[in-house]
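Written below as structure tokens is the structure these notes are about.
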Ligand SMILES: [Zn+2]
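In our numbering, the protein residues as written are -12 to 80.
Okay, here's the thing in structure tokens:
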């Protein structure tokens, strides 16, 4: 199951379809249970790099992206980055 939501209340461009709406499609084949926040961040930066203003990440919870049109996308990503033995993400190198 993918848990994803958009917040278009800050839409400054007046478009009916916002960047947050469109960015949801990048996660079509994902599952919040098995995705970690680093994977979600990678997807956003791969597909939406030029449209992103900010990405906030909360470990084992999810990511919140803010786009240039002022809209936001929240994607749940509950998985751990690794089995706890340490990876480039949690070790920091
Ligand atoms: Zn790790």
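Backbone N, C-alpha and C fix where the C-beta goes; we use that ideal spot for every residue, glycine too.
With a cutoff of 7 Å on beta-carbon distance, residue 27 and residue 64 are scored as near each other.
For the pair residue 62 and residue -9, the CB atoms are nearer than the 7 Å cut-off. Distance from the CA atom of residue 37 to the CA atom of residue 73, rounded to whole angstroms, is 31 Å. Residue pairing for residue 43: DSSP places it in a beta bridge opposite 51. From the listed residues 33, 22, 15 and 34, the smallest Cα separation to residue 45 is found for 22.
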